[in-house]
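Which chain is which? The protein sequence lines are A and B, in order. Position one of the first sequence corresponds to residue 115 (our numbering), numbered consecutively onward. Position one of the second sequence corresponds to residue 3 (our numbering), numbered consecutively onward. Even glycine gets a Cβ: it sits at the ideal position worked out from N, Cα and C.
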Amino acid sequence: MSGPHILLVDDEPAVLRALRANLVARGYEVATAEAGEEALDEFARRRTDLVVLDLMLPGMSGIEVCEAIRTMSAVPILVLSARGEEQTKVQALDLGADDYLTKPFGIDELLARVRALLRRSPSGTAEADGILQVGRLTLNDQAHEVRRDGVPLDLTPREYDVLAYLIRNTGRVVTHRVLLNAVWGPQYGRETQYLRVFINRLRRKVEDDPSHPHYIITEPGVGYRLVVPT
Amino acid sequence: MAWNPRHSYIWLSAYEFSARHRWIGIAAGLGLVALLVPPLTQAGGYYGFLGPSIPLFFLVPMLVASALGGRIAGVIVSVAAVVVWDWFFIPPLHTPTIYYPRDLLALIVFLFDALLTGQLATIARQRADDAIRRARTSEALYDVSMALIGNHNLAAILPALTQRLRATFDLQASAILLRDPHGSAWHTAALSGSIPDGLNINRSRDVAGVLSWVGTTGQMCGLNDGASVAGAEYQAGSRDKSRPSAQFWPLRVGDRLVGILELIYKPGTDLDPQRDRLLTTLVNGAAIALEQERLFGEEREAMLARESDRLKSALLSSVSHDLRTPLAGIKAASSSLLQDDVQWNEEDRRAFVMDIDAEADRLSRLVSNLLDLSRIEAGAIKPARDWEDIAELVERVVRRLQPRFPEHQIAMDVAPGLPHAYTDVVHIEQALTNLIENAGKYSPGGAPIVVAAQATSPPDHAAELHLSVADRGPGIAPAERDKIFDTFYRIAGSGGRTGGTGMGLTIVKGLVEANGGRVELASEPGKGSSFTIALPLAEGYDHKETRGEGAAAASLEWPS
C-alpha cells in the first residue's frame, strides 16, 4: 500500500521541487500543480489526502482554490502564505483551511504539520460514543462535560461549547470568526474581545499554568489551536 | 513704525453724492423761480391774464428741485417760490403782507400742494434711480459671478475677477492680495491695471500697515496715493479726489480672512453707497470663491497624500513578496539539504544547490534594484562619466545575459564606427541589462531580442547615440506607455508569471536621465515593443581632454 497522497500547489519552482523531493523521500505520493485551475483538475482526478496550497498564485487565487476544494471535500488543507498576507491567510482559514505556514519555512516544520494533519484526519470521526480523549482531557458530548485526569471541570455552558469545539478540532487552527460563529452565532463574528475573555477563563480551568498554556495555544492575529501537549 | 489708522481715512457712508445733488436741485429751482418773475410781471402780474395761473408756474421749479435734489431741495425751493410769489404778485405788491384772505388760502394750498408733489417727485426720482442702480448691480453681479463660477482654479479665477471688477467699476486697477502660506506677509495674487507706487504693497510701507489693520479689524479701509504716515498732508476721513486712491476690502468667510481686495480709483471718481453695497456683495462672493478654492486645494492635497500612501503600501507589499519569494526557495532547499533522515542522491543535492544559487542571484538583483531605486528617488545618482565604447558595452551585456535567456536569441546590430559616448558605463550597462531582462521576460519563447546601437544626427537636433532593445512581446497599449515608467507599476495581469517588480523601467529612466539622456518607447500591441536609450553625443565635446586620442578621433568623425 502506498503512502498518503499529497497535492502540492505552488508557483515557485524552487519551493515546489524541494517540497516534492522531501515528501517523496518520506514515502508520500506527491502530485504537483503550479496554478489554481491545474490544482482543481488534479484534485478531481486522483485520491488526495492532504493539500499544501500556496495562497499567492497566478490566475485563480489560492483563496478561490481553497473555497472550491471545501465545497467538494473535507480533506485537510495546509496553506502557505508570506508575511504581510495575514488577511489572506485568515480568509483561507475562515473558509475551512486547517493550518498555515508562513514563508519562508524549514522543511522540518512543514513535515511536522503534514504529519499532524494526516494523523488527525482519519480519526476525526471516531466519536461514536460521543467521547473524545485529548491528552489529559476527555470530552463527553452526551454528558456535556469535560474531565481533566478524570475530574469533571466546572464549566459554564458557553465555556463548555468553546472547549468542546476546540477539542473536536484538535490540531487545527480555529479562527476567531469561526469560533464565534460556532458558539455565539454569526452576528458575533467580530467580537474577538469576547473570545479573549472566555479563553482566559478556560485556561484557568484547563491549564496547569494559565500564563504558559500547553493546551489552548494562541495563533496571533488568527485564532486558537488546541494541541496535545507533548 | 506702527501704522495708525487715524492717519488714513475710512470711508463709511458720508458721501458727497446727495449733498452735491441737493445743491444742484436748489440752484436749479431758485434759478427757475427767478427766471419766472420777469415774464409773469410782463404778462400783467396779479391782474393780468395769467394771474390765476401763477401758482401753477411756480410748481415747475419746485418739481425740478425735488427731482434733482430730493425732498429738502423741494421744500427750500417751495418756500422760496411762496415768498417770491407773495412779494411780486400778491397785493399789496413788494410787501410780505397779503390783502385778500383768498390769496392767503391759495398760498397755503400751494405750499401744501408743493410739498406733496415735491415728495411724490422725490419718490419717483428715487425709484427710477433705484431701478437703474438695480439693473447696473445685477449686470455687475452677473459679470463678476461669471468670472467666479466656471472654473475651480485660482490661477484662472483671480485674474478674471480683477479684470471684471476693473471693467465694471471703471477702476484704474484692481488686485487680489493673499497671505503667504507661511507667515503673515501679503503678496499680490492677481492684478489688473497698474497700481501707483504709493498704493503698491511692494513699494509702500503704509499699505502694509493698512493691510494689517484691515486684517485685524475686518473693516474696509481707504488710502490716498502719496499719503504718508509720518506727514500731515491729509486728515482722517477725507479723500483726495485729485489723486488716485485705494480701497482695501477684506475678503472674509465667517471669521476667516481669506484675502484682501485692493481697488484703485481713478482721480476724480465719485464714490457712492450703492457701489459700496454692490462691492460688499461681490467681495463676499470673491471670498467664498477663494475659500472654496482653498478647500478644493486641500482636498487635492489629501487625495495626493492618499495616493502616495496607497503607493507606499503597494510598494511594501510588492517588495516584501518579491523579497520573500526567493527566500522561501532558498530556505526550502537549504533545510532539505540539512535533513538527517534522508540520503539525497547526487542529482537531488545538485538541484537543491542550484536552486539556492539561482534564488540567491534573484535576491541579489532585487536588492541592488531596490538600492538603485532608492538612490534614484533620493536624487543621489552621481554619474562617473567618461568616454566609453558603447559597442563593447553592448557585447559585454549580451554575452552576460544570453545564458539566462536560453529561449531567446539575443541578436546584436551595432553600427560600425560607433562613436564613444561620454557617460557612466555602469549606469548604462545596468539600464541596458534591465531592458534586455524585460524583453526576455515578456517575449514568448523562441522570439528573438534585438539590441541595436547607432548614432543619429537629425538636422534640428544635437547628435545622439541610440541604444535600443526590441522584442516581440505583447506590446504596450498607448494608455500604459507613460505609466510603465512609474515605480512599482505593472501592467495588469502581467505580474504573476513574469515575476516583475515594477522597478526595472523606473531604474532605466532614472539612470539614463542622470546621464543626460532619455528613454523612448515605440510599441505596437500584439507585435512587440522597442525601448531606446538616447544618449547625447555633442555634450561631451567640451570634455575632450578626458579621453584618449583614439577615442577623440573616433568621435570627432561624427557627425560630419
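Taking Cβ-Cβ distances shorter than 7 Å, what residues in chain B pair up with residue i?
{"i": "Ile177/A", "result": "Ordered by position in chain B, no residue passes the 7 Å Cβ test against Ile177/A, which lies about 15 Å from the chain."}
{"i": "Ala139/A", "result": "Val344"}
{"i": "Val129/A", "result": "Ala330, Gly331, Ala334"}
Taking only beta-carbon atoms, is residue i less than 7 Å away from chain A?
{"i": "Val355/B", "result": "no"}
{"i": "Arg352/B", "result": "no"}
{"i": "Ser315/B", "result": "no"}
{"i": "Glu397/B", "result": "no"}
{"i": "Ala334/B", "result": "yes"}
{"i": "Glu361/B", "result": "yes"}
Quick check: is the beta carbon of residue i nearer than 7 Å to any beta carbon in chain B?
{"i": "Ala220/A", "result": "Sequence check: residue 220/A is Gly here, not Ala. So, interface residue."}
{"i": "Glu152/A", "result": "no"}
Take residue i as the anchor and find which of the options has the nearest alpha-carbon.
{"i": "Phe250/B", "options": "Arg258/B, Met305/B, Asn226/B", "result": "Asn226/B"}
{"i": "Ile281/A", "options": "Arg315/A, Ile330/A, Arg227/A", "result": "Ile330/A"}
{"i": "Ala393/B", "options": "Asp363/B, Gly442/B, Ala455/B, Ala386/B", "result": "Ala455/B"}
{"i": "Gly224/B", "options": "Ala123/B, Gly217/B, Ser247/B", "result": "Ser247/B"}
{"i": "Lys243/B", "options": "Asp272/B, Ile509/B, Pro538/B, Ala386/B", "result": "Asp272/B"}
{"i": "Gln205/A", "options": "Val292/A, Ala278/A, Gly117/A", "result": "Val292/A"}
{"i": "Gly44/B", "options": "Phe91/B, Ala30/B, His23/B", "result": "Looking at the sequence itself, residue 44/B is Gln, so the reference to Gly does not match. The residue with the shortest Cα to Cα distance from Gln44/B is Phe91/B."}
{"i": "Leu403/B", "options": "Asp426/B, Trp389/B, Leu434/B", "result": "Leu434/B"}
{"i": "Pro200/A", "options": "Val336/A, Pro343/A, Tyr302/A", "result": "Correcting the residue identity first, residue 200/A is Glu in this sequence and not Pro. When only C-alpha atoms are compared, the closest one is Val336/A."}
{"i": "Phe312/A", "options": "Leu294/A, Leu253/A, Lys217/A, Ala196/A", "result": "Leu294/A"}
{"i": "Arg296/B", "options": "Arg181/B, Tyr424/B, Lys485/B", "result": "Arg181/B"}
Helix, strand or coil: which one does DSSP assign to residue i?
{"i": "Gln256/A", "result": "coil"}
{"i": "Arg474/B", "result": "coil"}
{"i": "Tyr424/B", "result": "strand"}
{"i": "Asp132/B", "result": "helix"}
{"i": "Ser366/B", "result": "helix"}
{"i": "Asp222/A", "result": "helix"}
{"i": "His429/B", "result": "helix"}
{"i": "Gly261/B", "result": "strand"}
{"i": "Leu133/A", "result": "helix"}
{"i": "Leu226/B", "result": "Looking at the sequence shown, residue 226/B is not Leu but Asn. Of the three classes helix, strand and coil, the one that applies to Asn226/B here is strand, per DSSP."}
{"i": "Leu340/B", "result": "coil"}
{"i": "Glu333/A", "result": "strand"}
{"i": "Val146/B", "result": "helix"}
{"i": "Thr202/A", "result": "helix"}
{"i": "His119/A", "result": "strand"}
{"i": "Gln247/A", "result": "strand"}
{"i": "Ser186/B", "result": "coil"}
{"i": "Tyr11/B", "result": "Caution is warranted here: a pLDDT of 37 is assigned to Tyr11/B, below 50, making its placement in the model unreliable, and the coordinate value is therefore given only provisionally. The answer is strand: DSSP assigns Tyr11/B an E or B state."}
{"i": "His563/B", "result": "No information on residue 563/B is available, as it lies outside the stretch 3 to 562 that chain B covers here."}
{"i": "Gly498/B", "result": "Residue placement at Gly498/B is flagged as unreliable, the pLDDT there being 44, under the threshold of 50; the coordinate-derived value follows with that caveat. Reduced to three states, the DSSP call for Gly498/B is helix."}
{"i": "Gly46/B", "result": "coil"}
Name the chain A residues that come within less than 7 Å of residue i, Cβ to Cβ?
{"i": "Arg326/B", "result": "Ala196, Arg197, Lys217, Pro218"}
Name the chain B residues that come within less than 8 Å of residue i, Cβ to Cβ?
{"i": "Glu126/A", "result": "Thr327, Ala330, Gly331"}
What residues of chain A sit near residue i, judged by a beta carbon separation below 9 Å?
{"i": "Gln341/B", "result": "Asn136, Ala139, Ile221, Asp222, Leu225"}
Tell me which same chain residues have a C-beta within less than 7 Å of the C-beta of residue i, skipping the five on either side of it?
{"i": "Pro327/A", "result": "Arg317, Glu321"}
{"i": "Ala108/B", "result": "Pro57"}
{"i": "Gly477/B", "result": "Ser525, Glu526, Pro527, Gly528, Lys529, Gly530, Ser531"}
{"i": "Leu255/B", "result": "The question names Leu, but residue 255/B in the sequence shown is Val. Hits under 7 Å: Ala289, Ile290, Glu293."}
Can you name the residues of chain B whose CB is closer than 9 Å to the CB of residue i?
{"i": "Leu133/A", "result": "Ala334, Ser338"}
Closer than 8 Å by C-beta to residue i: which residues in its own chain qualify, once you throw out the five before and the five after it? Chain order, please.
{"i": "Gln345/B", "result": "none"}
{"i": "Arg134/A", "result": "Leu122, Val144, Thr146"}
{"i": "Ala278/A", "result": "Leu253, Asp255, Val260"}
{"i": "Val35/B", "result": "Phe60, Pro63, Val79, Ala82, Ala83, Val86"}
I'd like the list of long-range same chain contacts for residue i, defined as Cβ closer than 6 Å, with 5 residues on each side in sequence excluded.
{"i": "Arg339/A", "result": "Val287, Ile331, Glu333"}
{"i": "Phe407/B", "result": "Gly442"}
{"i": "Phe308/A", "result": "For clarity, residue 308/A is Tyr in the given sequence; the question names Phe instead. Once the five neighbours on either side are set aside, Tyr308/A has no close Cβ partner at all."}
{"i": "Ala413/B", "result": "Pro450, Val452"}
{"i": "His468/B", "result": "Gln456, Thr458, Thr534, Ala536"}
Inset, instruction - Taking only beta carbons into account, state which residues of the segment 261-291 of chain B come closer than 9 Å to chain D, listed in chain order. - result: Here the protein chains are A and B, and chain D is not one of them.
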